[in-house]
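Heads up: the structure comes next, in structure tokens.
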Amino acid sequence: MIKINVRFSVLALIAALLVTSCFAVIPQPSIISLVDASPTLPVEGVEYTNGTIVPEHSPLLIWYDWVNVSGTQVINYAIYTTPDYNYPVPIANLLGQHFRMEDGTQVFIASALSELEVYRDLNDNGIPEANDTSSGSEILYYIYTNMSDNYSMTPVKKVMEDQGPHYRWSFTYENAHAYLQNATARIGVVASLIFSHITLSYDFSVNGNVSNLKTNFDIGKVTSLTIHDSSQFSLEGLSLALLYATAIYTSKSYTTYVDGNEFNSTTAEDLTVDAKLAQVEVGGVKAYDFVFGGNYTLTRGETNETLQANIETYEAKAEATALSSILPTIRVNPVKGMSFFRDQLNLAELFGGSWQDFNIDYESSSLIYRICFPVWDGMQIEHDPVYVGYILSSTEIPEFPSWAILPLLLAATLVAIICKKRLPKNLSNQNRNHSYQETNNTSLLKNSFFLKNQATKDCSYF
């Protein structure tokens, strides 16, 4: 009896060591430092990660954030530089999401912040009346943000909440320099200014077949304003708008809607349309929502030992805009950063299938939209619109890879075989008179989503 117990103890120890070794080699999401920077996007089989991409022949770097869960992937790009770079950091940002619909159709939707616009809301409807001439346009200036003194980033973090995991990250441009140009001429600089910071934060989660991607805008207070002409310029009474262009890639025809009505920026006759909800249908099936509206906060003043800043709340507005309302000097130029991002976003390599080269420009953007803050005055504002994707409902990424199950099964089988062979005959005879019921426990094996193993499907850009 002592020998049997010894054998079982030894075998149990072997099994435990095998199990421990399996979990010890499980890869964890990594933070890639500049030393480990790569010329490509190293994300295969990783649930979430971030790091640096080094484009060839460029002094600028791309910081990326990546989330891959429940069959959908989110990618975020931001341009930055190293401290030894002799010029300030440029400001450019891209956000994209890939997913499969229930019929397996692949979809990739991306949006990029192109311009910051200053307008005077003369008719008090909250949105700028815009056209490509000075007549009747409420847009007065474009803010050209092209540099910042520094930057900081919060790597992707997985946070468990009641409804499941949330993936959060952010990128901050600190002391962001900007220049105001006249909206009609785009010649010369009316004024230069500095935002204390511009922070873009994200919160991504999946609930069933619905994904939610919340984007938080935190645009800091204007801390410095230098006027370069003889005008009596002031930010008081002025409003702020963020101008976005989008790109939609899919193998099927798609249609964009604004508040239930079909709208395509490239062909729209209405120059601007008030928007609370923009939608993308692929093959007649709802695929993606841009949820606008809600409230934003404005911080007026600063908090110190004697004073408390005033927090004011206002309704955020949004509008879809026609290509014809965008100034030719803007729409003919590439969206900021696309020349850097385009070469680092090969959709075929990331998601499989056949895709055209990625790009975002106004001429092919079926949805150009503005997020508007009617009350601004150069103060700090915060707002968080939500983008909703309707994805193929699939299993989530497990806490450990499915390949770890095989060694566990082998270890358990080996132990069972050895025990059976070593078991004394008299003990077997004793057990022969006893009956027992074997309970079959069926385990649900959750499989990771691997990018390279996607079923190929021809995709084209519309």
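Heads up: the sequence shown begins at 73 in this note's numbering, then just goes up one per residue. Glycine is no exception: its CB is placed at the ideal position from the N, C-alpha and C atoms. Predicted, not measured: the structure shown is a model, and the values here were computed from it.
- Excluding the five sequence neighbours on either side, which residues of its own chain have a C-beta within less than 6 Å of the C-beta of Y149, listed in chain order? The answer, listed in chain order, is I134, Y136, L166 and F413.
- Excluding sequence positions up to five away, which residues of its chain have a Cβ less than 6 Å from the Cβ of D456? Once the five neighbours on either side are set aside, the close Cβ partners of D456 are K286 and N288.
- Nearest residue (CA-CA) to L314, options E374, A392 and D275: Nearest of E374, A392 and D275 to L314, Cα basis: A392.
- Under a Cβ-count criterion, where at least 16 other Cβ atoms within 10 Å of its own Cβ denotes burial, should D234 be classed as buried or exposed? exposed
- Check whether F362 and A347 have beta carbons under 9 Å apart: yes
- Query: Alpha carbon to alpha carbon, what distance is there between V354 and G365?
  - Reply: In this structure, the straight-line span from the alpha carbon of G365 to that of V354 is close to 24 Å.
- Sorted by chain position, which residues of the same chain lie with C-beta nearer than 8 Å to A56's C-beta, five sequence neighbours on each side aside? Look at the range of the chain in this structure, 73 to 534, and you will see that residue 56 is not part of it.
- Message: Can you tell me whether Q351 is buried or exposed? The criterion is at least 16 other CB atoms within 10 Å of its CB, across all chains shown.
- Response: buried
- Do the region 421-436 and the region 316-329 touch if we need at least three Cβ pairs shorter than 8 Å? yes
- Would you mind sorting D156 into buried or exposed? The rule is 16 or more other CB atoms within 10 Å of its CB. exposed
- Which class does T217 belong to by DSSP, given the choice of helix, strand or coil? strand
- Do you know how far the Cα of Y459 is from the Cα of T328? 14 Å
- Message: In chain order, what are the residue ranges of uninterrupted beta strand (DSSP E) at least 3 long that sit wholly in the region 264-317?
- Response: 282-291 and 294-299
- Please report the Cβ distance between Y214 and E174, rounded to the nearest whole angstrom; I am assuming they are in contact, meaning their Cβ atoms lie under 8 Å. No, Y214 and E174 are not in contact; Cβ-Cβ is about 42 Å, not under 8 Å.
- Item | Beta-carbon gap between Y216 and L310 smaller than 9 Å | no
- DSSP on P162, reduced to helix/strand/coil? Note: P162 maps to coil in three-state DSSP.
- Reduced DSSP category for R414 - H, G, I as helix; E, B as strand; rest coil: helix
- Message: Using a 10 Å radius around the Cβ and a threshold of 16 neighbouring Cβ atoms, would you call N279 buried or exposed?
- Response: With fewer than 16 other Cβ atoms within 10 Å, it is exposed.
- Task: In the DSSP assignment, find the alpha helix (DSSP H) that holds R403 and state where it starts and stops.
- Result: P400 to R403
- Query: Got a sec? Which residues, its chain only, sit under 6 Å from T244 by beta carbon, not counting five neighbours each side?
  - Reply: S224, H269 and T271
- Task: Mind checking who I147 pairs with in its DSSP beta bridge?
- Result: W138 and G168
- Item | Residues near I299 by beta carbon distance below 6 Å, same chain, minus five either side | Within the same chain, I299 has close Cβ partners A263 and F305.
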